[in-house]
Structure formats: structure tokens, C-alpha cells
Amino acid sequence: MTRDTDAPPPRFPGYDVLAKWDSPSFDDTTRGVLAARLDAVPPRRWLTEAEWALLDAINARLLPQPERAHPIPITPWIDAMLHDDRGEGFRHPDMPPLRAAWRQGLAAVDDEAHRLHDLPFVRLGADAQDAVLQAIADGRAVSPRWQGLEVKRFFIHHLLKTAAGIYYAHPLAWNEIGFGGPASPRGYVRLGFDSRDPWEATEAP
Amino acid sequence: MSGRHAPRTGAGRAPDVFERGGWVTMCEYDDDEAVDFAIVGAGAGGATLACKLAEAGFSVVVLEAGPFWRPLEDFASDEEAQQQLYWLDERISGGADALALGGNNSGWGVGGSTVHFSMISLRFRPEWFQARSRLGYGVDWPITYAELAPYYEEAERALAVSGPVRYPWGPPRGRYPYREHEMNAAGLVLARGAEKMGIPWAAVPLATVSAPRGKSPPCVYRGFCNFGCATNAKQSALIVWIPRALAAGAEVRDLAMAGRIELGADGRATGVHYRRNDQWRFQRARNVVVSGYAIETPRLLLNSACDRFPHGLANSSGLVGTHLTTHAGPGMWAGFDEDIRWYKGPPNMAVCEHWNYTDDGKDFHGGYAFMSQGPLPRAWAQLLVTERHRWGMALRREMTDYNHMAGFVAVAETEPRPSNRVELSDVRDRHGLPVAHVTFAYSDNDRRLQDHARRFMGEMLEAAGGATPWTSDDTSHILGTCRMGTDRETSVVDADGRSWDVENLWICDGSLFPTAGGVNPSLTIQALACRMGARIRALAARGEL
Numbered sequence: 043m044t045r046d047t048d049a050p051p052p053r054f055p056g057y058d059v060l061a062k063w064d065s066p067s068f069d070d071t072t073r074g075v076l077a078a079r080l081d082a083v084p085p086r087r088w089l090t091e092a093e094w095a096l097l098d099a100i101n102a103r104l105l106p107q108p109e110r111a112h113p114i115p116i117t118p119w120i121d122a123m124l125h126d127d128r129g130e131g132f133r134h135p136d137m138p139p140l141r142a143a144w145r146q147g148l149a150a151v152d153d154e155a156h157r158l159h160d161l162p163f164v165r166l167g168a169d170a171q172d173a174v175l176q177a178i179a180d181g182r183a184v185s186p187r188w189q190g191l192e193v194k195r196f197f198i199h200h201l202l203k204t205a206a207g208i209y210y211a212h213p214l215a216w217n218e219i220g221f222g223g224p225a226s227p228r229g230y231v232r233l234g235f236d237s238r239d240p241w242e243a244t245e246a247p
Numbered sequence: 003m004s005g006r007h008a009p010r011t012g013a014g015r016a017p018d019v020f021e022r023g024g025w026v027t028m029c030e031y032d033d034d035e036a037v038d039f040a041i042v043g044a045g046a047g048g049a050t051l052a053c054k055l056a057e058a059g060f061s062v063v064v065l066e067a068g069p070f071w072r073p074l075e076d077f078a079s080d081e082e083a084q085q086q087l088y089w090l091d092e093r094i095s096g097g098a099d100a101l102a103l104g105g106n107n108s109g110w111g112v113g114g115s116t117v118h119f120s121m122i123s124l125r126f127r128p129e130w131f132q133a134r135s136r137l138g139y140g141v142d143w144p145i146t147y148a149e150l151a152p153y154y155e156e157a158e159r160a161l162a163v164s165g166p167v168r169y170p171w172g173p174p175r176g177r178y179p180y181r182e183h184e185m186n187a188a189g190l191v192l193a194r195g196a197e198k199m200g201i202p203w204a205a206v207p208l209a210t211v212s213a214p215r216g217k218s219p220p221c222v223y224r225g226f227c228n229f230g231c232a233t234n235a236k237q238s239a240l241i242v243w244i245p246r247a248l249a250a251g252a253e254v255r256d257l258a259m260a261g262r263i264e265l266g267a268d269g270r271a272t273g274v275h276y277r278r279n280d281q282w283r284f285q286r287a288r289n290v291v292v293s294g295y296a297i298e299t300p301r302l303l304l305n306s307a308c309d310r311f312p313h314g315l316a317n318s319s320g321l322v323g324t325h326l327t328t329h330a331g332p333g334m335w336a337g338f339d340e341d342i343r344w345y346k347g348p349p350n351m352a353v354c355e356h357w358n359y360t361d362d363g364k365d366f367h368g369g370y371a372f373m374s375q376g377p378l379p380r381a382w383a384q385l386l387v388t389e390r391h392r393w394g395m396a397l398r399r400e401m402t403d404y405n406h407m408a409g410f411v412a413v414a415e416t417e418p419r420p421s422n423r424v425e426l427s428d429v430r431d432r433h434g435l436p437v438a439h440v441t442f443a444y445s446d447n448d449r450r451l452q453d454h455a456r457r458f459m460g461e462m463l464e465a466a467g468g469a470t471p472w473t474s475d476d477t478s479h480i481l482g483t484c485r486m487g488t489d490r491e492t493s494v495v496d497a498d499g500r501s502w503d504v505e506n507l508w509i510c511d512g513s514l515f516p517t518a519g520g521v522n523p524s525l526t527i528q529a530l531a532c533r534m535g536a537r538i539r540a541l542a543a544r545g546e547l
């Protein structure tokens with residue numbers, strides 16, 4: 043019986059996209075990019091220590107990884123994005139600039155936790171943290187700290203979309219979903235229904 | 003040295019896109035030398051026109067805001083790293099249906115968005131050029147399909163489009179230069195559904211080669227097409243038009259941001275102010291062409307306001323920036339028992355244009371095509387987040403169905419309306435220039451059209467065996483903000499892309515489109531550029547430039 047809080051059972055057991063590192067599916071440019079992602083996880087530079095801890099706690103609920111001793115890092119890459127002030131190329135007129143939106147939004151999440159549970163977000167249990175985040179996701183937030191920040195948009199387009207983008211850019215996530223991963227220069231040969239090249243993941247029966 | 007941070011062209015050379023570390027010879031012009039044409043932007047419009055004008059013997063300088071990519075070295079097989087291909091400088095986007103900018107509908111670098119486009123190379127339906135008089139909606143173009151058809155053929159040959167022997171829609175046509183690609187499972191889902199419903203479908207004519215061509219190897223179906231082709235199978239403007247333009251004597255300046263077009267006392271443009279290597283410079287030119295796509299082109303004109311044109315250069319009509327259209331992209335998605343593995347091959351391999359060519363049974367004006375899909379994991383996860391609001395373990399569980407998903411997304415026409423527009427914001431970019439403020443909302447017709455597309459695509463997915471289809475929203479392509487026309491009161495430029503107000507100022511990109519049509523615009527932009535090249539040559543021969 044799978045509980046809601048359990049990691050999904052391995053659907054592609056034994057598949058490791060990085061086993062193709064020295065194969066014709068990887069080129070030097072891609073190896074360089076992935077080596078940086080795996081080995082050069084950036085240090086904290088922009089968030090305060092408290093903000094980092096709060097964001098890390100939020101990310102642990104947005105993409106829980108209870109089965110991993112070394113979870114896919116998410117918070118460091120958001121800090122790097124904020125340090126570089128690197129946005130998506132647009133913002134809604136009702137949203138502050140990137141850095142200001144994140145700083146205000148994180149403070150508002152924490153205030154929401156205080157209002158609902160009388161504790162900072164990081165000290166709540168997982169269920170209580172999820173309840174805080176669900177209230178925000180549903181637009182049921184009550185903190186005045188959201189003033190000037192659209193609550194749902196901050197949750198979906200800042201917190202969640204960013205975290206999901208980072209998680210699913212990691213090879214461990216590719217293993218989890220059976221994605222072929224980097225594919226240059228070899229590419230693929232078998233394209234049709236139920237067709238698998240030998241260098242693709244095998245799904246558990 | 004990374005091309006993202008320092009210009010690569012100069013000292014008489016430009017990168018050879020076909021060779022690691024290689025260079026090709028490049029002509030160079032002094033800023034003070036009035037070139038025949040200064041072209042702003044090196045995408046589908048600017049690169050194509052640069053090639054045609056240089057090959058016709060004109061002196062040409064192309065100013066491109068982004069880098070000169072080396073595909074064999076710069077393009078990783080990686081979604082995250084390849085976000086570098088987008089225009090990520092800030093823009094403000096609002097309105098009731100605010101557009102997501104900076105992604106698929108933008109480009110940054112020589113080749114523009116053709117570097118990451120899906121390679122879909124479809125012609126417009128002939129009647130769309132006279133949408134108002136023949137179909138009763140929108141507005142007529144100032145040219146006919148018959149006038150553009152030879153240039154469609156030229157563009158298809160230049161891109162060596164790989165397409166089916168028989169394309170089921172549109173007027174009879176010759177064969178595509180290259181044979182169609184083998185269909186992937188994601189495309190076979192569309193084929194199966196269409197056949198069950200008795201509706202035609204086709205392999206998408208794609209600008210990636212199915213057999214070797216010059217220095218391009220055949221496509222290996224690596225599936226990262228929307229993140230830059232690392233093998234040069236994709237026939238982007240970067241590897242098709244730019245090498246030809248350079249060989250014919252054009253100069254391309256990368257990381258050169260145009261800020262303002264200067265108008266002389268005689269009412270003619272005298273050149274372009276641009277910033278490169280942190281220095282503002284001025285390129286003199288006898289003609290200026292703006293090819294920055296439908297946001298940056300009106301932005302540059304608006305930022306070039308002067309005494310004679312206080313509301314923006316070439317804007318006596320007040321239409322610069324208005325009538326912005328996009329392609330709505332309603333999607334339908336479903337799970338299948340079979341392995342689909344939609345990450346393999348070009349992302350959109352099968353197409354249905356039924357509702358572009360069928361006028362009966364519609365409760366809306368306009369048309370739409372839809373294609374099979376192949377989102378990579380980062381994009382797919384972000385779609386589950388923004389469209390289904392999945393998070394936590396529910397997101398991780400749903401993502402494990404990735405290899406069994408298939409779906410269709412429409413390229414759906416929206417109406418040109420004056421209230422959908424580009425204006426200037428108070429916010430300034432890193433060059434000190436006011437950024438674009440984009441406002442967009444769907445009309446009732448736009449919504450009915452999308453509802454129709456959702457119903458039809460959902461039926462087809464179910465006919466193909468998909469379980470419980472669900473829907474998503476998106477947009478692609480931005481068009482129409484400097485529309486071409488037959489009348490200076492109702493358009494910004496004439497049928498040749500020439501400004502009504504400033505006779506040596508031209509526009510060549512998707513901004514020209516009076517209506518959006520229901521297909522991807524890149525082939526039409528390139529055909530228009532080929533036609534403009536021929537028209538400018540003819541005008542010059544008559545002394546009418």
C-alpha cells in the first residue's frame with residue numbers, strides 16, 4: 043500500500059542516465075553543464091540564513107524526497123538565480139521585481155505559518171507545513187504581508203514552477219521518470235509505439 | 003570565451019557555425035560609412051533579408067542584440083542550460099490574459115528564435131491573405147497568396163524542408179525538397195486518432211534535414227530541438243541565411259543593442275544608435291530595416307520618437323505597437339497504455355490543419371492547426387505545476403507517467419485588436435532604454451475558437467485511446483504590431499514593408515502580419531523577407547529607393 047507521503051515506487055529500477063556519461067549520448071558541452079550541476083552546487087550568497095532555511099523547508103514540501111539521503115538540491119539554485127538577478131524575461135505589472143517578490147513572499151509565508159500555527163514555518167511538522175502551503179495555493183492566505191504581491195501567482199509561478207524546473211533538471215529526476223536524458227550526438231533510432239533503444243530506460247513490468 | 007559575454011564577430015571574421023573554433027571571413031564597414039542597409043535583428047526576418055540584399059550587391063550591416071552562437075560548442079543537451087537562447091531582459095506583461103514572454107516566443111542571438119523553433123514550416127492558407135473580403139473577419143493583407151507563392155517555394159528550398167509527398171491541405175504544390183521524417187509515437191497518436199475520426203493528418207513539413215545536406219548531417223532525433231540543435235541538422239537562420247549573407251559581403255555585429263533610429267532634417271533615417279562593448283555608437287545608413295520581432299520592433303520605433311514623430315518614429319497612424327496577435331495554444335493531454343517516450347525526435351511531427359481549411363460548422367472566425375507534442379521533463383513538470391497545480395508527492399507521482407503521455411497543442415488564430423499592444427514602460431533595461439509593456443486579452447471569438455479546439459483535440463485523443471484528457475493553456479508567436487497594408491491611415495508600412503512616413507525605413511519580421519493565421523509564422527516571415535529582397539532590388543533598379 044502506497045501512502046500519499048511515500049516516494050513513488052521505482053518505475054525504472056536500475057536505470058541510471060549517468061551510466062551513459064562516456065557513451066555517444068553525451069558530448070563535452072553537456073558533460074560540462076552536468077558536471078557543474080552535480081559538483082558545483084553554489085553556496086548561499088543572496089538569501090539570509092533564515093530565508094535560506096525557510097526556503098529549504100518549503101522546497102522539502104514542494105518536492106519531498108524522503109527516500110534520498112542526499113536530496114536533489116533546489117534552494118542553492120534559487121539563491122544563485124536571485125544572486126544573478128536572472129528572471130524569466132517578463133513580469134506582471136502587479137508583481138514587484140524578481141528579488142523583491144521573493145523576499146516579500148518568503149516573509150509572507152512565514153507570517154502565514156505564525157498566524158495559522160503560532161510557530162515559524164521551519165518548526166512546523168510536515169502536515170502543518172503542507173496545510174500552510176495549501177492555504178496559500180488556494181488563495182486563502184490572511185497575512186497582510188502579501189500586500190502588493192498576488193498570492194497564488196507567487197506560489198505557482200515563483201515558488202513551485204522554479205522548484206519543479208530545478209528538480210526535473212537533475213539526472214536523479216530523469217532516472218525516476220525514465221527520461222532518456224542527453225542524446226547528442228547519438229540521438230535515437232527506434233521512435234514508434236513501445237519502441238526502446240538499448241540506451242533507454244526499461245520500465246518495470 | 004563564451005559568446006554570451008563578449009562579441010565574437012570583428013577583426014574581419016565571424017564564427018564558422020559548421021566548424022568547432024572555425025572562422026569565416028567577414029566584410030566590415032566603418033560606423034561613418036553610410037551602408038546601403040543597416041538591419042536591426044538577425045532572426046527569421048533580418049537574417050533572410052540580409053542574405054537577399056547582400057547577394058543583390060547591397061552593402062549590409064546587421065546589428066543583433068544577442069550573441070553569435072556556435073551550435074557545435076555552445077548548445078548542451080540540457081533544458082536548463084539552454085534557457086540562454088531566450089530574451090530574458092525584463093519586460094512588463096499585463097492585461098486580462100497576460101502573455102508569458104521570454105520563452106518560446108522570444109529569441110536572443112544571431113538566428114533569433116529559429117535557433118530554438120520547432121522547425122514547423124507551413125504555408126498560410128491562400129484565403130487568409132484576404133481574410134476580410136473572402137472569409138469575413140480580420141483584415142486583408144496588401145498582397146495575395148499568388149504573389150507570395152514563389153517566395154514560399156524559395157524559402158522551402160533554402161531550408162531544404164523535409165515534408166510529405168502529398169500534403170492534404172492547400173492548393174496543389176510541388177514536392178518538398180527532402181522526404182518526410184519517420185513518425186515518432188507521439189505523432190502516431192495523432193495519426194491514429196485522426197484516422198478513427200476520418201479526418202486527414204500529415205507529417206509536419208520540418209526545417210530539419212532527413213538526409214545529409216552540405217555540412218548538415220541528417221537529424222538524429224535527439225529531441226532537444228527547442229533548446230538549440232547541437233548537430234546543425236536544423237536549418238535555422240543561423241546556419242542557412244547568415245553564412246550566405248556573410249559570404250555575400252554582409253557584416254554581422256553580435257551583442258549590439260539598437261537603442262534609437264536617427265531621423266535627419268530631410269525626414270529620412272540617417273542611421274542607428276547602438277550599444278556594443280559598453281559603448282554607444284552610431285551606424286550611418288542609407289536605409290534602416292527593423293527586424294526585432296513584434297515586441298522589440300515597435301519598442302525601437304517608440305523609443306525613436308523625435309520632434310517630427312513625437313509618438314514614435316513612423317507612427318503618424320498611431321498604429322505602431324497595436325493589433326498585437328498571438329497564437330493561443332490550448333493543449334489536451336492524456337495517458338496511454340503504450341510506451342510513447344515523446345522525448346524522441348522533433349517535438350511536433352504530426353499535424354492536423356482540418357479547421358484551418360474547413361469553414362462550416364464553426365461558431366467562430368479564424369482557424370487553428372494542432373500538432374503532436376514532445377515536452378522535455380523540465381517543461382512538462384512546469385506545465386503540471388502551472389496548469390494542474392500539482393505539488394508535493396502528487397507531482398512526483400504524476401511525473402512518473404511521463405513516458406506514457408501524449409498530447410496536442412493548437413496554433414490558434416487570435417483577432418487583431420487595437421487594445422492588444424506594445425507600449426513603453428517606465429522601467430529601463432541595462433542599456434538605459436525603456437522596456438516594453440505588453441497588454442493582451444482574448445476576445446470572445448478567441449475564446450470560442452479555443453473551446454472548439456479543446457473539444458476537437460480531446461475527441462481525437464480519446465479516439466486514439468487516450469484516457470481522461472485534460473487541458474492546458476499557453477501561447478506562442480507574437481505578431482502584427484506594425485501591420486502592413488494598402489493605406490497609410492490603417493497600416494504602418496506598405497506591401498514592401500516600407501514605412502508610409504519615412505521612405506528609407508523598412509520593417510521585416512512578424513510585426514508585419516495583419517492577421518495571424520492558424521499556422522506557425524516562420525516560413526511566412528522568411529517568404530516575406532525573400533519577397534522584400536526582390537522588391538527592393540526592383541525599386542533600386544528604378545531609382546525608387
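Residue numbers (our numbering), protein chains in the order written: chain A, 43 to 247; chain B, 3 to 547.
All C-beta atoms in this analysis are idealised placements derived from N, C-alpha and C, irrespective of residue type, glycine included.
Check                                                                                                                                                        : Outcome
Judging by CA-CA distance, which residue of ARG432(B), GLY482(B), ASP256(B) is the nearest neighbour of ARG128(A)?                                           : ARG432(B)
Could you tell me whether the Cβ atoms of GLY5(B) and PHE70(B) are closer together than 8 Å?                                                                 : yes
Within its chain, find whatever has a CB closer than 6 Å to the CB of PRO166(B); leave out the 5 residues flanking it on each side and keep chain order.     : GLU182, ALA204, ALA205
Below 8 Å, can you find three or more Cβ-Cβ pairs linking the region 46–64 of chain B to the region 289–298 of chain B?                                      : yes
Expressed to the nearest angstrom, what Euclidean distance is found between the alpha-carbon atoms of PRO118(A) and PRO224(A)?                               : 23 Å
Helix, strand or coil for VAL494(B) per DSSP?                                                                                                                : coil
By DSSP, does GLN85(B) sit in helix, in strand, or in coil?                                                                                                  : helix
Assign TRP25(B) to one of three DSSP states: helix, strand, or coil.                                                                                         : strand
So, helix, strand or coil for CYS53(B), using DSSP?                                                                                                          : helix
Mind checking whether ASN279(B) and ASN106(B) have CB atoms under 8 Å apart?                                                                                 : no
Could you give the distance in angstroms between the alpha-carbon of TRP243(B) and the alpha-carbon of LEU124(A)?                                            : 37 Å
What did DSSP end up calling GLN528(B) once you bin it into helix, strand or coil?                                                                           : helix
Looking only at C-alpha atoms, which of TRP472(B), LYS236(B), HIS454(B) sits nearest to GLY363(B)?                                                           : HIS454(B)
Among the residues of its own chain, which have a CB less than 8 Å from the CB of PRO162(A), if the five just before and after it don't count?               : LEU96, ASP152, ALA155, HIS156
With C-beta atoms as the reference, is VAL211(B) less than 8 Å away from TYR180(B)?                                                                          : yes
If you measure from the beta carbon of MET395(B) to each beta carbon in chain A, is any gap under 8 Å?                                                       : yes
So, under 8 Å CB-CB, HIS134(A) and ARG187(A) are touching, yes? Tell me the CB distance rounded to an integer number of Å.                                   : No, HIS134(A) and ARG187(A) are not in contact; Cβ-Cβ is about 19 Å, not under 8 Å.
Tell whether a beta-carbon distance below 8 Å holds between LEU326(B) and ARG485(B).                                                                         : no
Interface residues of chain B around GLU242(A) at Cβ under 8 Å?                                                                                              : ARG343
Determine, using beta carbons only, whether PHE77(B) and PHE60(B) come nearer to each other than 8 Å.                                                        : no
Rounded to a whole number of angstroms, what is the C-alpha to C-alpha distance between ALA316(B) and HIS112(A)?                                             : 59 Å
Buried or exposed: which applies to ASP498(B), given that a residue is buried once 16 or more other Cβ atoms fall within 10 Å of its Cβ?                     : buried
Under a three-way DSSP split, which group does VAL174(A) fall into?                                                                                          : helix
If you measure between the beta carbons of SER164(B) and LEU208(B), is that distance less than 8 Å?                                                          : yes
Can you give me the C-alpha to C-alpha distance between HIS551(B) and PHE458(B), rounded to a whole angstrom?                                                : Because chain B in this structure spans residues 3 to 547, residue 551(B) falls outside the shown range and cannot be described.
Measuring alpha carbon to alpha carbon, tell me which residue in PRO139(A), GLY207(A), ARG145(A), GLY131(A) is nearest ALA92(A).                             : ARG145(A)
Taking the alpha carbon of CYS308(B) as the reference point, which residue from GLY266(B), GLU464(B), TYR345(B), GLY337(B) has its own alpha carbon closest? : GLY266(B)
Taking a contact to mean a Cβ-Cβ separation below 8 Å, would you say GLN285(B) touches VAL63(B) in this structure?                                           : yes
Can the beta-carbon of LYS62(A) be found less than 8 Å from the beta-carbon of TRP241(A)?                                                                    : yes
Do ARG392(B) and PRO7(A) have their beta-carbon atoms positioned less than 8 Å apart in this structure?                                                      : Given a span of 43 to 247 for chain A in the structure shown, any question on residue 7(A) remains unanswerable.
At a Cβ threshold of 8 Å, is ASP64(A) touching chain B?                                                                                                      : no
Under a Cβ-count criterion, where at least 16 other Cβ atoms within 10 Å of its own Cβ denotes burial, should ARG22(B) be classed as buried or exposed?      : exposed
How about LEU89(A): is its C-beta nearer than 8 Å to some C-beta of chain B?                                                                                 : no
How about ALA49(A): is its C-beta nearer than 8 Å to some C-beta of chain B?                                                                                 : yes
Within 10 angstroms of the Cβ of VAL83(A), are there 16 or more other Cβ atoms? Answer buried if so, exposed if not.                                         : exposed
Step through the CB atoms of chain E and report whether any lies within less than 8 Å of the CB of LYS236(B).                                                : No chain E appears in the structure shown, which is made up of the protein chains A and B.
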